[in-house]
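Terminal number for the sequence shown in the numbering used here: 458, no gaps in between. Every residue gets a Cβ at the ideal spot worked out from N, C-alpha and C, and that includes glycine.
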Amino acid sequence: MSRKLASQLNSHIFTACEIFPDGTALELIRDPSKADESRLLEWRGRVINVGTSVEHCGLRYVPIELEPSVSTAVRFPVRVSPREGVRDLFTATELLMGCYLGLSGPNLTLTVAWQLASWVYDVLAHAPVLWITASPQSATHVALQILGLIGRHSLRLAGVGRRELCGVPTALRGTLLLDASDLRATAENLIRSATRPGTHVVHRGVIDLFCPKVVLTCTFPSEFWRDSEIVRISLIPSTKRIEMPDPKTAEAIGQEFQGRFLSFRLHHFADLQRPQLKNSRLSPPLQDLAATLTAAVMGDKELEQKIVAALESQEDAGRSERSSRPDAIVIEAALFFAHKRGQSEVRSSEIAVKATAILRGRDRNGEISAENVGWTMKRLGVPTVTLSSAGNGIRLTDHARNRLHELAMTYDVLTLRNDIRRDCPCCANMRSADSAK
Ligand SMILES: [Zn+2]
Numbered sequence: 022m023s024r025k026l027a028s029q030l031n032s033h034i035f036t037a038c039e040i041f042p043d044g045t046a047l048e049l050i051r052d053p054s055k056a057d058e059s060r061l062l063e064w065r066g067r068v069i070n071v072g073t074s075v076e077h078c079g080l081r082y083v084p085i086e087l088e089p090s091v092s093t094a095v096r097f098p099v100r101v102s103p104r105e106g107v108r109d110l111f112t113a114t115e116l117l118m119g120c121y122l123g124l125s126g127p128n129l130t131l132t133v134a135w136q137l138a139s140w141v142y143d144v145l146a147h148a149p150v151l152w153i154t155a156s157p158q159s160a161t162h163v164a165l166q167i168l169g170l171i172g173r174h175s176l177r178l179a180g181v182g183r184r185e186l187c188g189v190p191t192a193l194r195g196t197l198l199l200d201a202s203d204l205r206a207t208a209e210n211l212i213r214s215a216t217r218p219g220t221h222v223v224h225r226g227v228i229d230l231f232c233p234k235v236v237l238t239c240t241f242p243s244e245f246w247r248d249s250e251i252v253r254i255s256l257i258p259s260t261k262r263i264e265m266p267d268p269k270t271a272e273a274i275g276q277e278f279q280g281r282f283l284s285f286r287l288h289h290f291a292d293l294q295r296p297q298l299k300n301s302r303l304s305p306p307l308q309d310l311a312a313t314l315t316a317a318v319m320g321d322k323e324l325e326q327k328i329v330a331a332l333e334s335q336e337d338a339g340r341s342e343r344s345s346r347p348d349a350i351v352i353e354a355a356l357f358f359a360h361k362r363g364q365s366e367v368r369s370s371e372i373a374v375k376a377t378a379i380l381r382g383r384d385r386n387g388e389i390s391a392e393n394v395g396w397t398m399k400r401l402g403v404p405t406v407t408l409s410s411a412g413n414g415i416r417l418t419d420h421a422r423n424r425l426h427e428l429a430m431t432y433d434v435l436t437l438r439n440d441i442r443r444d445c446p447c448c449a450n451m452r453s454a455d456s457a458k
């Protein structure tokens, strides 16, 4: 044995998990008889060894040392369950979440798909955030408990700011469950930037916050999120009463699902691939998210289709929400005039009257004033000028028309999506760009 190797063997590496090129994996596992002691499980197609240390390629690995308070707050698997089909695990998790979270439809499908992907996030090199917007009457405490029971090395945190996020034990490589009723913008930005590996934060050295995260809050995510970074779920109050599982049931759920998800990870980490999604009408950022979520179902075509369909319905809902914002209504009204033959300018007051009529046509109250229109156009980069003593407005130059069309596309304004004008050069450009995607 060389002196270098001997000195390496005298030291050890603290770890929460490892995947080696030869197909060996190390995982933290808990001894059921000693609740606060971790062991390392060595896997190579089957369990090779469980012990307080594992030697691999001349190096000795030992479980990471956790603060006692952290160690008791995190649930670890106590065994690896027998191999099962991904469909069976997906269906069992659907049943559990349907029962305890009251989820159904696309919300349920996407939460289960996210859960599966979160157990292999490091292999997929992508950890989209599960953002749960809960209404005040929702059983959020039950949702957090269940997600904690079945999540990988889950740690539940409340009152989260940048400082608290930077203080989490990143070596645990676990899932963060953020009970975030008052999430601040700086913390939200930090969470958003850490959905891919390699984004570091300076905090007593440099740390990498790349790990799966659940944000449970009463607000919607800010407009800065890209669709590839986030799975958006709404937790609405269920008509049936949702009860917290009693301690015995909670323990049984935890032990069963930790073992099954660990088995899923160990049996599949070597075969995970990012599939090419074909024939999807999802926008490119959502296709990226769909690729991650469907990768985790290991080629089950039926589950892949179910996940893509759930994302499509989410995208449709997002379009409808975007196109009903006040900015979108103003753009829609301005676009109406930009599409009128021979029209070279339009006053803000005319756009305001049209925008208010659009609002009324959609059974919505409120009024949009010429001043509102002026401010909206300034903010969105459409130049306004003094047209006459009657007021300000837009000169419908090529530049202004192009900008209005770009905005209409961004805000999913209905008239552009459903009513692309054959005689409008801007619409023709949009259509050819859309079909080239
Ligand atoms: Zn047009």
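Opposing strand residues paired with residue i [DSSP bridges]
i, result
"Ile40", "Ala46"
"Glu115", "In DSSP, Glu115 forms no bridge with anything."
"Ser487", "The requested residue 487 is not part of the displayed model; the chain covers only 22 to 458."
"Phe35", "Val83"
"Leu471", "With the chain represented from 22 up to 458, any question about residue 471 goes unanswered, as that position is not in the structure."
"Leu428", "According to DSSP, which records beta bridges pairwise, Leu428 is partnered with nothing at all."
"Ile167", "Answer by DSSP bridge pairing: none, since Ile167 is not bridged."
"Ala179", "Asp200"
"His322", "Rather than His, the amino acid found at residue 322 in this sequence is Lys. Per DSSP, none; premise fails for Lys322."
"Glu366", "Arg416"
"Arg51", "Ser59"
"Lys234", "Leu197"
"Leu76", "Here residue 76 turns out to be Glu, not Leu, going by the sequence shown. Its beta-bridge partners are Arg81."
Residue environment, residue i, which counts as buried when at least 16 other CB atoms sit within 10 Å
i, result
"Arg104", "exposed"
"Ser139", "buried"
"Pro149", "buried"
"Asp384", "exposed"
"Arg281", "buried"
"Asp444", "exposed"
"Asp433", "buried"
"Arg422", "buried"
"Phe111", "buried"
"Pro446", "exposed"
"His375", "The sequence shown places Lys at residue 375, not His. Under this definition Lys375 is a buried residue."
"Gln335", "buried"
"Asp419", "exposed"
"Lys361", "exposed"
"Pro42", "exposed"
"Phe285", "buried"
"Val223", "exposed"
"Pro305", "exposed"
"Gln279", "buried"
Backbone secondary structure at residue i - three-state DSSP
i, result
"Glu63", "strand"
"Asp337", "helix"
"Arg281", "helix"
"Ser409", "strand"
"Asn386", "coil"
"Met22", "In this predicted model, Met22 has a pLDDT of only 48, less than 50, meaning its place in the structure is not dependable; the value taken from the coordinates is given anyway. DSSP places Met22 in coil when its eight states are reduced to three."
"His174", "coil"
"Asp229", "strand"
"Val223", "strand"
"Val71", "strand"
"Lys458", "With a pLDDT of only 49 at Lys458, under the threshold of 50, the placement of this residue in the model should not be trusted; the figure read from the coordinates follows. In the structure shown, Lys458 sits in coil (DSSP, three-state: anything other than H, G, I, E or B)."
"Gly188", "coil"
"Val141", "coil"
"Pro242", "coil"
"Thr399", "Reading off the sequence shown, one finds Lys at residue 399, where the question assumed Thr. Here Lys399 sits in helix by DSSP."
"Gly123", "coil"
"Asp309", "helix"
"Gln136", "helix"
"Lys361", "coil"
"Gly275", "helix"
Near ligand 2: residue i beta-carbon under 7 Å from a heavy atom
i, result
"Val75", "This structure lacks ligand 2; its bound ligands are ligand 1."
Short CB-CB distance (under 8 Å) between residue i and chain C
i, result
"Glu185", "Structure shown: chain C not included; a single protein chain is present."
ask   = Who's in the neighbourhood of ligand 1, going by beta-carbon under 6 Å from any heavy atom, listed in chain order?
value = His360, His426, Arg442, Cys445, Cys447 and Cys448
For this session: Assess, as a yes-or-no matter, whether the stretch 193-201 is touched by the stretch 217-224 under the definition of 3 or more beta carbon pairs within less than 8 Å.
Result: no
### Task
Would you check if there are 3 or more beta carbon pairs closer than 8 Å linking the stretch 352-372 to the stretch 399-410?
yes
Item to complete: May I ask you to verify whether the stretch 184-199 touches the stretch 229-243, counting CB pairs closer than 8 Å and requiring at least 3?
Response: yes
Note to self: Does the structure place the stretch 172-185 close enough to the stretch 339-348 that three or more beta carbon pairs sit under 8 Å?
What the structure shows: no
How about the stretch 254-264 and the stretch 150-158: do they share at least three Cβ pairs that are nearer than 8 Å? yes
Examine the Cβ distances between the stretch 305-322 and the stretch 393-403 and report whether three or more of them are shorter than 8 Å. no
| Are the stretch 127-145 and the stretch 240-250 in contact at 8 Å, needing three or more beta carbon pairs? | no
* Cβ contact (3+ pairs, closer than 8 Å) linking the stretch 347-358 and the stretch 385-394 -> yes
At least 3 beta-carbon pairs within less than 8 Å: the stretch 247-255 vs the stretch 68-87: no
| query | Do the stretch 47-56 and the stretch 96-103 touch if we need at least three Cβ pairs shorter than 8 Å? | reply | yes
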